[in-house]
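Asks: This structure is in structure tokens; I'll ask about it shortly.
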RNA sequence: GGGGGAAUGUCCCGAGCGGCAAAGGGGGCGGACUGUAAAUCCGCUGCGUAAGCUUCGCAGGUUCGAGUCCUGCUUCCCCCA
């Protein structure tokens with residue numbers, strides 16, 4: 014397990030990406046002999062991917078970095094069915110328009126990680142709707158249905174757990190694993206793709222694809238999954254304050270993204286650097302060994318590197334600079350999240366609670382008042398305990414803005430226009 | 001087709017003799033302590049400045065008053081056929 018012949022598996026192994034692999038030795042042999050093609054599928058259930066998908070994206074990143082060809086499979090077809098894996102209830106079905114719009118949102122992220130093109134190791138993006146939607150029902154059943162037994166399908170955790178919990182699973186959802194298997198076989202036929210990767214929850218689905226490909230195409234096919242990621246204190250990765258840690262800049266600003274990584278728990282620093290950055294291993298080993306307050310330096314480097322991969326060098330530098338000024342020097346930076354408010358409103362005086370709700374720090378005036386009472390709201394660094402207090406133009410600071418903070422980490426600048 | 005059970009605070013689990021804005025958890029948020037960490041302790045967690053308003057699958061009914069009783073409907077689970 015420690016030493017492979019191929020760069021690809023060596024990197025994945027030492028960085029902690031590998032949870033299960035259908036046949037690591039054979040895959041290693043194949044990968045060391047020349048470029049291989051591998052893929053990961055992403056269903057279009059939201060308009061942006063989030064930090065939970067990041068591990069998988071990094072798999073493709075390293076696949077390409079080590080001289081192989083990545084395929085990004087957009088699940089335009091599979092999303093129409095909905096992956097039932099480890100969900101208790103069926104998700105609402107999305108319309109074709111929603112799916113299309115979500116796919117458009119998701120696509121852009123990959124440009125930051127992968128090089129697309131026509132070259133041997135250039136990444137390509139395909140949509141499984143292209144082949145899945147073309148099948149006739151009888152045709153599909155006769156071609157693929159004969160290779161799956163219900164007996165076996167019922168043993169997969171994705172199905173078994175749902176049944177054990179006495180939750181209904183529709184026939185529609187039950188077919189999802191067949192479609193995913195067909196994807197692999199299709200990519201194998203068309204692009205000579207030999208590897209499917211994914212999260213550990215996808216193991217069952219992946220194995221099905223591997224077997225179908227072997228059976229129908231008589232070619233080698235492999236599956237590899239990543240471990241389920243949690244933080245050291247057991248929380249799921251990728252969820253935080255305002256929801257998910259989105260990768261698209263319009264869903265979550267680079268500054269907030271940087272902050273997410275900056276707030277990593279001590280115990281996770283090394284693990285996260287291995288998984289979510291391209292920092293060299295020596296440096297990671299040095300940084301994760303830092304003790305006490307010094308590890309904060311490592312967290313900044315982690316945040317820099319992670320942000321750089323998604324949003325680029327410039328955005329990462331700005332985010333770091335902004336954070337540094339706000340937290341370490343107590344200086345305001347114009348790059349903090351800024352919300353414009355009509356000058357007239359401030360002139361008349363606006364209730365603090367109403368203001369925080371307006372700028373999105375709180376969801377209702379009541380919530381803002383309670384927050385204020387607990388000392389969680391600050392205007393220009395002064396805690397205001399009365400949410401009814403008015404905020405006016407008189408509160409503008411020297412830079413012509415009002416600094417409103419919820420807690421210590423969420424800061425918004427209010428600018429009159 | 002017959003019989004039995006279940007749906008609760010727009011995150012989850014989950015109590016709830018007819019007087020309840022509704023127990024208790026988890027999660028989340030805020031405060032204290034720190035290192036923008038973890039752990040711990042404390043507070044908040046339907047809307048409204050307020051009077052008050054709107055919540056317990058849906059629609060009706062009984063009652064001064066219903067999450068709680070009655071009727072119908074929807075969805076789900078279990079048993080029998």
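Residue numbers (the numbering used here): 14 to 430.
We treat Cβ as the ideally placed atom computed from N, Cα and C, and that holds for glycine.
1. If I'm right that residue 369 touches residue 381 with Cβ under 8 Å, what's the distance once you round it to whole angstroms?
2. For residue 60, which residues of its own chain have a beta-carbon under 6 Å away from its beta-carbon, when the five flanking residues on both sides are left out?
3. Check whether the Cβ atoms of residue 274 and residue 315 sit closer than 8 Å, and answer yes or no.
4. When you compare the region 153-168 with the region 119-132, are there three or more beta-carbon pairs, one atom per stretch, that lie closer than 8 Å?
5. Quick check: the Cα distance between residue 392 and residue 402, rounded to an integer number of angstroms?
6. Just to confirm the assignment, what range does the beta strand (DSSP E) spanning residue 419 have?
7. Quick one: what's got a C-beta closer than 7 Å to residue 374's C-beta in the same chain, skipping five residues either side?
8. Taking a contact to mean a Cβ-Cβ separation below 8 Å, would you say residue 57 touches residue 112 in this structure?
9. Which residues does DSSP list as the beta-bridge partners of residue 192?
10. Which stretch, first to last residue, makes up the alpha helix (DSSP H) that contains residue 267?
11. Kindly indicate which three-state DSSP category residue 254 falls into: helix, strand or coil?
12. Quick check on DSSP: helix, strand or coil for residue 30?
13. Relative to the alpha-carbon of residue 309, which residue among 363, 183, 341, 33 has its alpha-carbon at the smallest distance?
14. Tell me, which residues are paired with residue 428 by DSSP?
15. From which residue to which residue does the beta strand (DSSP E) around residue 312 run?
16. Given 8 Å as the limit, is there contact between the region 219-232 and the region 75-89, that is, 3 or more CB pairs closer than that?
17. Beta-carbon within less than 6 Å of residue 254's beta-carbon, same chain only, minus the 5 sequence neighbours each way: which residues are those?
18. With a CB to CB cut of under 6 Å and the five nearest residues on each side skipped, what residues in its chain are close to residue 286?
19. In whole angstroms, what is the alpha-carbon distance linking residue 306 and residue 204?
20. Within the same chain, show all residues whose beta-carbon is closer than 7 Å to that of residue 49, passing over the 5 residues directly before and after it, in chain order.
21. Throw me the rounded Cβ distance for the residue 270 and residue 351 pair, which I believe falls under 8 Å.
22. Based on the DSSP secondary-structure assignment, which residues constitute the bridge partners of residue 129?
23. Rounded to the nearest angstrom, what separates residue 70 and residue 126 at their Cα positions?
24. Closest to residue 228 by CA distance: which of 195, 213, 217 is it?
25. Does DSSP classify residue 282 as helix, strand or coil?
26. Could you check which residue in 414, 371, 304 has the C-alpha nearest to that of residue 348?
27. In whole angstroms, give me the CA-to-CA distance for residue 166 and residue 322.
28. What are the complete alpha helix (DSSP H) segments, minimum 4 residues, inside the region 59-122?
29. Report the partner residues of residue 161 according to the DSSP bridge assignment.
30. Go ahead and label residue 139 buried or exposed: buried means 16 or more other beta carbons lie within 10 angstroms of its beta carbon, across all protein chains shown.
31. For the alpha helix (DSSP H) containing residue 41, name the first residue and the last one.
32. On the DSSP letters alone, give me the boundaries of the alpha helix (DSSP H) that residue 263 sits inside.
33. Give every residue of the same chain whose Cβ lies closer than 8 Å to the Cβ of residue 29, excluding the five residues on either side of it in the sequence, and list them in chain order.
34. Whole-angstrom Cβ separation of residue 344 and residue 312, contact assumed at under 8 Å?
35. Would you tell me roughly how many angstroms separate the C-alpha atoms of residue 52 and residue 31, rounded to the nearest one?
Replies: Taking the geometry as given:
1. On the first chain, residue 369 is found 356 positions in, with the first residue counted as 1. On the first chain, residue 381 is found 368 positions in, with the first residue counted as 1. Between the beta-carbon of residue 369 and that of residue 381 there is about 5 Å, and that keeps the pair under the 8 Å contact cut.
2. Start at 1 with the first residue of the first chain, and residue 60 comes out as number 47. 115, 118.
3. Here residue 274 corresponds to residue number 261 of the first chain, with the count starting at 1. Here residue 315 corresponds to residue number 302 of the first chain, with the count starting at 1. Yes, these two residues count as a Cβ contact at 8 Å.
4. Fewer than three beta-carbon pairs drawn from the region 153-168 and the region 119-132 are found closer than 8 Å, and the two stretches are therefore not classed as touching.
5. Your numbering for residue 392 matches position 379 in the first chain. Your numbering for residue 402 matches position 389 in the first chain. Put simply, the backbone Cα of residue 392 is about 11 Å away from that of residue 402.
6. Numbered from 1 along the first chain, position 406 holds the residue referred to as residue 419. Bounds of the beta strand (DSSP E) holding residue 419 are 415-419.
7. Walking along the first chain from the start, residue 374 turns up at place 361. Once the five neighbours on either side are set aside, the close Cβ partners of residue 374 are 417, 419, 423, 425.
8. For the purposes of this step, residue 57 is identified with residue 44 of the first chain, where counting begins at 1. For the purposes of this step, residue 112 is identified with residue 99 of the first chain, where counting begins at 1. Cβ atoms of residue 57 and residue 112: closer than 8 Å.
9. In the first chain, residue 192 corresponds to position 179, counting from 1. BP columns for residue 192 are empty, so no partner.
10. As a position in the first chain, residue 267 is number 254, starting the count at 1. For residue 267, the enclosing alpha helix (DSSP H) begins and ends at 267-275.
11. Here the question's residue 254 lines up with position 241 in the first chain. At residue 254 the pLDDT is 45, less than 50, meaning the model places this residue with poor confidence and gives no usable figure here.
12. Within the first chain, numbered from 1, the residue matching residue 30 stands at position 17. Residue state, collapsed to three classes: coil.
13. For the purposes of this step, residue 309 is taken as the residue at position 296 of the first chain. Per the Cα distances, 341.
14. Here residue 428 corresponds to residue number 415 of the first chain, with the count starting at 1. In the DSSP output, where bridge partners are listed per residue, residue 428 has 353.
15. Sequence index remark: in the first chain, residue 312 carries index 299 (1-based). Premise fails: residue 312 lies in the alpha helix (DSSP H), 308-324, not in any beta strand (DSSP E).
16. The region 219-232 vs the region 75-89: no contact.
17. The count along the first chain starts at 1 and reaches residue 254 at position 241. The predicted model places residue 254 with a pLDDT of 45, which falls under 50 and marks its position as unreliable, so this point remains unresolved.
18. Counting from one through the first chain, the residue named residue 286 turns up at place 273. Closer than 6 Å at the Cβ level, and outside the excluded window around residue 286, lie 292, 297, 315.
19. In the first chain, the residue the question calls residue 306 occupies position 293. In the first chain, the residue the question calls residue 204 occupies position 191. So the alpha carbons of these two residues sit roughly 50 Å apart.
20. If you number the first chain from 1, residue 49 lands on position 36. Taking residue 49 as the centre and dropping the five residues before and after it, the same chain places the C-beta of 43, 81, 207, 208 closer than 7 Å to its C-beta, in chain order.
21. Sequence index remark: in the first chain, residue 270 carries index 257 (1-based). Sequence index remark: in the first chain, residue 351 carries index 338 (1-based). Residue 270 to residue 351, Cβ: 17 Å. No contact.
22. Residue mapping note: residue 129 aligns to position 116 of the first chain, counting from 1. According to DSSP, residue 129 bridges with 136.
23. Position 57 of the first chain, counted from the first residue, corresponds to residue 70. Position 113 of the first chain, counted from the first residue, corresponds to residue 126. Approximately 8 Å between the Cα atoms of the pair.
24. As a working note, residue 228 is residue 215 in the first chain. Ranking 195, 213, 217 by Cα distance to residue 228 puts 195 first.
25. Translated into positions along the first chain, residue 282 becomes position 269. Annotated three-state conformation of residue 282 is helix, per DSSP.
26. Taking the first residue of the first chain as position 1, residue 348 is located at position 335. Closest in alpha carbon position to residue 348, among 414, 371, 304, is 414.
27. By 1-based counting over the first chain, the position of residue 166 is 153. By 1-based counting over the first chain, the position of residue 322 is 309. Counting only the Cα atoms, residue 322 lies some 39 Å from residue 166.
28. The qualifying runs are 64-78.
29. For the purposes of this step, residue 161 is identified with residue 148 of the first chain, where counting begins at 1. For residue 161, DSSP records no beta bridge to any residue.
30. Walking along the first chain from the start, residue 139 turns up at place 126. The residue in question, residue 139, is buried, as its Cβ has 16 or more Cβ neighbours within 10 Å.
31. Within the first chain, numbered from 1, the residue matching residue 41 stands at position 28. Run containing residue 41: 37-46, per the alpha helix (DSSP H) assignment.
32. Here residue 263 corresponds to residue number 250 of the first chain, with the count starting at 1. Taken as a continuous stretch (DSSP letters only), residue 263 belongs to no alpha helix (DSSP H), as it is neither H nor E.
33. Locating residue 29 in the first chain gives position 16, counting from the first residue. Sequence-distant partners of residue 29 (beyond 5 residues in either direction) whose C-beta falls short of 8 Å from its own C-beta, in its chain, are 240, 284, 287, 288.
34. As a first step, residue 344 is located in the first chain; it is residue number 331 there, counting from the start. As a first step, residue 312 is located in the first chain; it is residue number 299 there, counting from the start. Not confirmed; about 20 Å, so no contact.
35. Along the first chain, read from residue 1 onward, the residue named residue 52 stands at position 39. Along the first chain, read from residue 1 onward, the residue named residue 31 stands at position 18. Residue 31 has its alpha-carbon roughly 15 Å from the corresponding atom of residue 52.
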